[in-house]
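**Student:**
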Amino acid sequence: MSYIDTLINGTNFDHKSINALQKVTLRAVVMAFLFYGLVAIEGMIMRLVEVGHVPLNPLPEQFFHPEHFFSIMTVHPIVGIFGSTYQLVFGAFTFLVPYLTKKPLYSVKLANWTWILITLGTALAWVAAFVWQYAPLYTLYWPLPADTHQFKVIGGIVFIIGVALIMIGTLGFIYNIYATIFARVGIHKNKTTKELLISGFGIDGFLNLINKLRGKQPYTKEPALALPVVAIFRGTVDTFLDALVILGAGILILVYLVFDASGHALDVTAIDALLYKNFFWWGLDLVADGLVLIYVAGSWYLLATLITGQKLFMENVARAALMLELLVSWMVWSHHLLGDQGQPEMMKLISGEMVTAFELLTQGLALFITLVTLWKARPLKMTMELKYLLGGLVGFGLAVPAAIIQADMGMNRVLHNTQWIIGAHVHIALIVGLYMTLYSALYVLWPLVTNNTKLYSHKLANTHFWLHLIGGIGMGAFMGMAGLDGMLRRHLYVDGQFNPDMIFAAIFGTMLLVAWAVFLYNIIMSVGIKGLIGIFLPAKDATASYGIEEELEPADDPAFAQ
Amino acid sequence: MTFTNSAELLSFHWVAYSIYAAMIISVVAWFGYNLTKKDAKSVFRIPFYWYMAFLVAGGVGHHIFTYNTIPWVSQDIDRHNITPDAKYEFAIQNHKWIGLPKQIVIQCGQTVEFDVHSKDLVYGFGLFRQDGSMVMQMQVNPGTDVNGILDSNDILWTFNHNGVFDLTSTEYSGPRQYSEDGKDLMLVKDFVKVVGCKDNGGIQ
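Quick note, the sequences are listed as chains Y and E, same order.
Positions 1 to 562 (the numbering used here) are the ones given, in order, by the first sequence.
Positions 563 to 766 (the numbering used here) are the ones given, in order, by the second sequence.
The structure is reproduced here in structure tokens:
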């Protein structure tokens, strides 16, 4: 086959052969990777600004202007977290929950609305920053988002509507997942809601452990829900609470902006800034320290069992630990407020330090269980999915302790708001830990979602792996070192004050950008441009499940609704 | 062992974390290599409960270690019961420092209280050495109590090393903190000067 032929038609991908569930999954994944590219470009622009006015820096002068720089910094996490990561995770889970529960997805239509709303919302938030330079950053510290002396009202309104659309799409995903899990059809036909709830919260695993200690028979030998579904179930609780908090903050800001636009500005001091910080960080932290860690643990367990074909080591402990992780995630937000002198010391000590340290335990447990499961199954072939899984484990192995170190009243005094936390913790956790786990899932799911489409090039897949791994760790490491040298994370440096750290961070960042281009090229060559467009065309096969007989989307089925 | 300033702490932290990072990358690389070997044997066995105990000890021990080696932790917790050697109070509004002395000269070993108020946005208060490294920082939240008195954002700091430190806001408060060409308008050069210490720190 000629190069042009492959570019247009792919290897052997036939978009007409894939069903509605596969298509909606792929649509979210495609959007996620497009947004990933955008976020990588944004990241590189900011990195080059921090390199400063040095010879060979190709960045045009306009990017050095504070309005422009902070607009990019504002949308960078919105595009990265919601436009890319949320979509990728939601897309994967929209496929995995029906696949693992052997039931159809509750509604393909709703799943379509989910990716459309998140895509639209992300685009609107981006437009607000690009056109009106609305730049309160993702932290939205009160009263900055309502500061109409610095920002245009219209920019704020568009931004908040964008974020609200993302959250509405998120609520749609949550409804779809729970409606699918609780549907009493297929293998769950004879299960009660109570049984599904007990399994979803991991209480069965906990009772099994208790019974084992007491020398009794297990509470259940066959839990109602598979362990990865339990992780999705529990992580989604945090996703829901987080969506409510962000929507709540959005409504508050919107009210202030609308009143301001009408000429009747409200008094911003009516809202206590520190109380608002507590409320907002409680919700926002449910992403970082809640759903991400729980979803990731569940993904590791799934990947370890799929890669080895064996049962998970210490499954009951893993089930019970996921419940613990959920509770921990609700009580750790104060580690973001260790530098706030008005925050009660007791909250700093208990929530900010002690409970936060528990994450070392829960994440360490997930790491241990995954490694032992893999070890027991050796020898294993070093497949792409195994490589990426190990990369993901390294990422969290580096990033979680980096954060625990800073979640300390002594260390926080000299590390808060520096590049340490955003580099050594956030970027390594997301780019290396989370994304490599997601790439592993992608390679596992690829044959299922694309009906065994042949990957265009394994060499390119390997190139992507090494560029992404080295680029991710390298960039995070040099950002972290700059943080130790005093470089702030939400600050504009235009004279290259933190070179050569920033130059090295930019070089490794470039590797990440190249890695993404290599990956995208490999995928496009596999599915072809026709296939890529075909993914967005209506599915001829309306099946809402994968690998089972009973198939059609059952949103309107009365039996399903029960 | 006690860290007398943040520079010592950050150097220690740099070394300790670099060793840990090299170790975790090596362990997973070694693990991955052996996963593909048929006859790979465990070099050592890690009993589950010992592993969990190690994580608990690591999580709790870290805070015990820092509490006992970083002097500003206990000082921060107990700051309302400590009488400072000097107190400086000022405010911020519209990205400008209000009532700020041109320079503060501090004798070595003195404990100084900084009490900063914000009249509009969330700012930060941070001191930096001439090489750019951070001495310390805190957040500066706006707000008033029921009587309309501006909320305190207070920090106690003991200076054990000579130096001249710059001041700036460590929290983003909008693009107006900067000029169009990117200069930090809240940067106050040479704001704090500490004198009277020995070369390697401590009172002469």
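Where a beta carbon is used, it is the ideal one built from N, C-alpha and C, also for glycine.
How about residue 180 (chain Y) and residue 105 (chain Y): are their beta carbons less than 9 Å apart?
**Tutor:** For this step, residue 180 (chain Y) is matched to residue 180 along the first sequence. For this step, residue 105 (chain Y) is matched to residue 105 along the first sequence. The answer is yes: Cβ separation under 9 Å.
**Student:** Could you check if residue 523 (chain Y) belongs to the surroundings of the ligand GDP, using beta carbon to heavy atom distance under 8 Å?
**Tutor:** Ligands in the displayed structure: none, and consequently the ligand GDP is not present.
**Student:** With DSSP collapsed to three states, give me the class of residue 730 (chain E).
**Tutor:** Here residue 730 (chain E) is taken as the residue at index 168 of the second sequence, counted from 1. Residue 730 (chain E) falls in the strand class under three-state DSSP.
**Student:** Is residue 416 (chain Y) closer than 9 Å to residue 339 (chain Y) when the C-beta atoms are compared?
**Tutor:** To locate residue 339 (chain Y), count along the first sequence from 1; it is residue 339. To locate residue 416 (chain Y), count along the first sequence from 1; it is residue 416. Going by C-beta atoms, residue 339 (chain Y) is nearer than 9 Å to residue 416 (chain Y).
**Student:** Any Cβ of chain E within less than 9 Å of the Cβ of residue 269 (chain Y)?
**Tutor:** As a first step, residue 269 (chain Y) is located in the first sequence; it is residue number 269 there, counting from the start. Yes, its Cβ sits closer than 9 Å to a Cβ of chain E.
**Student:** In angstroms with no decimal places, state the Cα-to-Cα distance between residue 308 (chain Y) and residue 638 (chain E).
**Tutor:** Residue numbering aside, residue 308 (chain Y) sits at position 308 when the first sequence is read from its first letter. Residue numbering aside, residue 638 (chain E) sits at position 76 when the second sequence is read from its first letter. Their Cα atoms are separated by approximately 51 Å.
**Student:** Quick one: what's got a C-beta closer than 8 Å to residue 739 (chain E)'s C-beta in the same chain, skipping five residues either side?
**Tutor:** As a working mapping, residue 739 (chain E) is identified with position 177 in the second sequence. Within the same chain, residue 739 (chain E) has close Cβ partners 657, 731, 746, 747, 748.
**Student:** Would you mind telling me which residues of chain E sit closer than 9 Å to residue 186 (chain Y), beta carbon to beta carbon, in chain order?
**Tutor:** Numbered from 1 along the first sequence, position 186 holds the residue referred to as residue 186 (chain Y). In chain order: nothing, as chain E lies at least about 35 Å away.
**Student:** Are the Cβ atoms of residue 512 (chain Y) and residue 438 (chain Y) separated by less than 9 Å?
**Tutor:** Looking up residue 512 (chain Y) in the first sequence gives position 512. Looking up residue 438 (chain Y) in the first sequence gives position 438. No, they are not a contact pair.
**Student:** Residue ranges of each alpha helix (DSSP H) run of no fewer than 4 residues wholly in the region 211 to 273 of chain Y, ordered along the chain?
**Tutor:** Whole alpha helix (DSSP H) segments, 4+ residues: 227 to 261.
**Student:** Just checking: is the beta-carbon of residue 729 (chain E) within a distance shorter than 9 Å of some beta-carbon in chain Y?
**Tutor:** As a first step, residue 729 (chain E) is located in the second sequence; it is residue number 167 there, counting from the start. Not one chain Y Cβ lies under 9 Å of residue 729 (chain E).
**Student:** With residue 697 (chain E) and residue 568 (chain E) assumed to form a contact (beta carbons below 8 Å), what rounded beta-carbon distance in angstroms separates them?
**Tutor:** Position 135 of the second sequence, counted from the first residue, corresponds to residue 697 (chain E). Position 6 of the second sequence, counted from the first residue, corresponds to residue 568 (chain E). Going by Cβ atoms, the distance from residue 697 (chain E) to residue 568 (chain E) rounds to 6 Å, so yes, they are a contact pair.
**Student:** Using a Cβ-Cβ cut-off of less than 7 Å, give me the residues of the region 273 to 305 of chain Y that come near chain E, in sequence order.
**Tutor:** Result list: 273, 274.
**Student:** Between residue 705 (chain E) and chain Y, is the shortest Cβ-Cβ distance under 9 Å, so that the two count as touching?
**Tutor:** As a working mapping, residue 705 (chain E) is identified with position 143 in the second sequence. It does: the Cβ of residue 705 (chain E) has a partner Cβ on chain Y nearer than 9 Å.
**Student:** Using the Cα positions of residue 537 (chain Y) and residue 27 (chain Y), report the straight-line distance between them to the nearest angstrom.
**Tutor:** In the first sequence, the residue the question calls residue 537 (chain Y) occupies position 537. In the first sequence, the residue the question calls residue 27 (chain Y) occupies position 27. About 10 Å.
**Student:** Residue 409 (chain Y) versus chain B: which residues are under 7 Å apart at the beta carbon?
**Tutor:** Chain labels in this structure do not include chain B; the protein chains are Y and E.
**Student:** Below 8 Å, can you find three or more Cβ-Cβ pairs linking the region 248 to 259 of chain Y to the region 146 to 155 of chain Y?
**Tutor:** Judged by Cβ distances under 8 Å, the region 248 to 259 of chain Y makes contact with the region 146 to 155 of chain Y, as three or more pairs qualify.
**Student:** Which whole runs of the alpha helix (DSSP H) in the region 493 to 547 of chain Y are 4 residues long or more, in chain order?
**Tutor:** Those alpha helix (DSSP H) runs which fall completely within the region 493 to 547 of chain Y and span 4+ residues are 501 to 535.
**Student:** Closer than 8 Å by C-beta to residue 458 (chain Y): which residues in its own chain qualify, once you throw out the five before and the five after it? Chain order, please.
**Tutor:** Taking the first residue of the first sequence as 1, we reach residue 458 (chain Y) at position 458. Taken in chain order, the residues that qualify are 384.
**Student:** Step through the CB atoms of chain E and report whether any lies within less than 9 Å of the CB of residue 494 (chain Y).
**Tutor:** As a working note, residue 494 (chain Y) is residue 494 in the first sequence. Chain E, which has a Cβ nearer than 9 Å to the Cβ of residue 494 (chain Y), makes this yes.
**Student:** Just checking my contact of residue 84 (chain Y) with residue 32 (chain Y) at CB under 8 Å: how many whole Å lie between their CB atoms?
**Tutor:** Within the first sequence, the letter at position 84 stands for residue 84 (chain Y). Within the first sequence, the letter at position 32 stands for residue 32 (chain Y). Rounded, the Cβ-Cβ distance is 5 Å, consistent with contact.
**Student:** For residue 5 (chain Y), count the other beta carbons within 10 Å of its own beta carbon; 16 or more makes it buried, fewer makes it exposed. Which is it?
**Tutor:** Taking the first residue of the first sequence as position 1, residue 5 (chain Y) is located at position 5. Flag for residue 5 (chain Y) reads exposed.
**Student:** Just to confirm my understanding: we take residue 305 (chain Y), look at its own chain, exclude 5 residues before and 5 after, and list those with CB closer than 6 Å. What are they?
**Tutor:** Working through the first sequence from its first residue, we reach residue 305 (chain Y) at position 305. Counting only Cβ-Cβ distances below 6 Å, and skipping sequence neighbours, we find 312.
**Student:** Can you confirm whether residue 576 (chain E), when its beta carbon is compared against all beta carbons of chain Y, has any partner nearer than 9 Å?
**Tutor:** On the second sequence, residue 576 (chain E) is found 14 positions in, with the first residue counted as 1. Closer than 9 Å to some Cβ of chain Y, the Cβ of residue 576 (chain E) qualifies, so yes.
**Student:** Using beta carbons (cut-off 9 Å, strictly below), is residue 219 (chain Y) in contact with chain E?
**Tutor:** Numbered from its first residue, the first sequence carries residue 219 (chain Y) at position 219. Cβ-Cβ to chain E under 9 Å: no for residue 219 (chain Y).
**Student:** Following the continuous alpha helix (DSSP H) through residue 478 (chain Y), name the residue where it begins and the one where it ends.
**Tutor:** The residue labelled residue 478 (chain Y) in the question sits at position 478 within the first sequence. Its alpha helix (DSSP H) spans residues 458 to 484.
**Student:** Residues bridged to residue 108 (chain Y) by DSSP?
**Tutor:** If you number the first sequence from 1, residue 108 (chain Y) lands on position 108. Note: residue 108 (chain Y) sits in no beta bridge, so no partner.
**Student:** For residue 24 (chain Y), name the three-state secondary structure that DSSP assigns.
**Tutor:** Mapped onto the first sequence, residue 24 (chain Y) falls at position 24. Note: residue 24 (chain Y) maps to helix in three-state DSSP.
**Student:** Pair every Cβ in the region 660 to 669 of chain E with every Cβ in the region 749 to 762 of chain E, then say whether three or more of these pairs are closer than 8 Å.
**Tutor:** Cβ pair count under 8 Å is three or more, so yes.
**Student:** Fully enclosed by the region 60 to 87 of chain Y, which beta strand (DSSP E) runs are 3 residues long or longer?
**Tutor:** If we require 3 residues or more, the region 60 to 87 of chain Y turns out to have no beta strand (DSSP E) run fully inside it.
**Student:** Starting from residue 362 (chain Y), trace the alpha helix (DSSP H) in both directions and tell me its first and last residue.
**Tutor:** If you number the first sequence from 1, residue 362 (chain Y) lands on position 362. Here the alpha helix (DSSP H) through residue 362 (chain Y) covers 356 to 376.
**Student:** Taking residue 5 (chain Y) as part of the alpha helix (DSSP H), name the residues at either end of that continuous run.
**Tutor:** Residue mapping note: residue 5 (chain Y) aligns to position 5 of the first sequence, counting from 1. 3 to 9 is the span of the alpha helix (DSSP H), which, as asked, contains residue 5 (chain Y).
**Student:** Please list, in chain order, the chain E residues whose beta carbon lies closer than 9 Å to that of residue 155 (chain Y).
**Tutor:** Numbered from its first residue, the first sequence carries residue 155 (chain Y) at position 155. Residues of chain E passing the Cβ test: none, with the nearest at roughly 12 Å.
**Student:** Which of helix, strand or coil does DSSP assign to residue 656 (chain E)?
**Tutor:** Along the second sequence, one-based indexing puts residue 656 (chain E) at 94. In this structure, residue 656 (chain E) counts as coil in the three-state DSSP scheme.
**Student:** Applying a beta-carbon distance threshold of less than 7 Å, which residues of chain Y neighbour residue 737 (chain E)?
**Tutor:** As a working mapping, residue 737 (chain E) is identified with position 175 in the second sequence. In chain order: 66, 67, 70, 135, 150.
**Student:** Thinking C-alpha only, which one of Y:245, Y:293, Y:300 is nearest residue 276 (chain Y)?
**Tutor:** As a first step, residue 276 (chain Y) must be located in the first sequence, where it is residue number 276. With distances taken between Cα atoms, residue 276 (chain Y) lies closest to Y:245.
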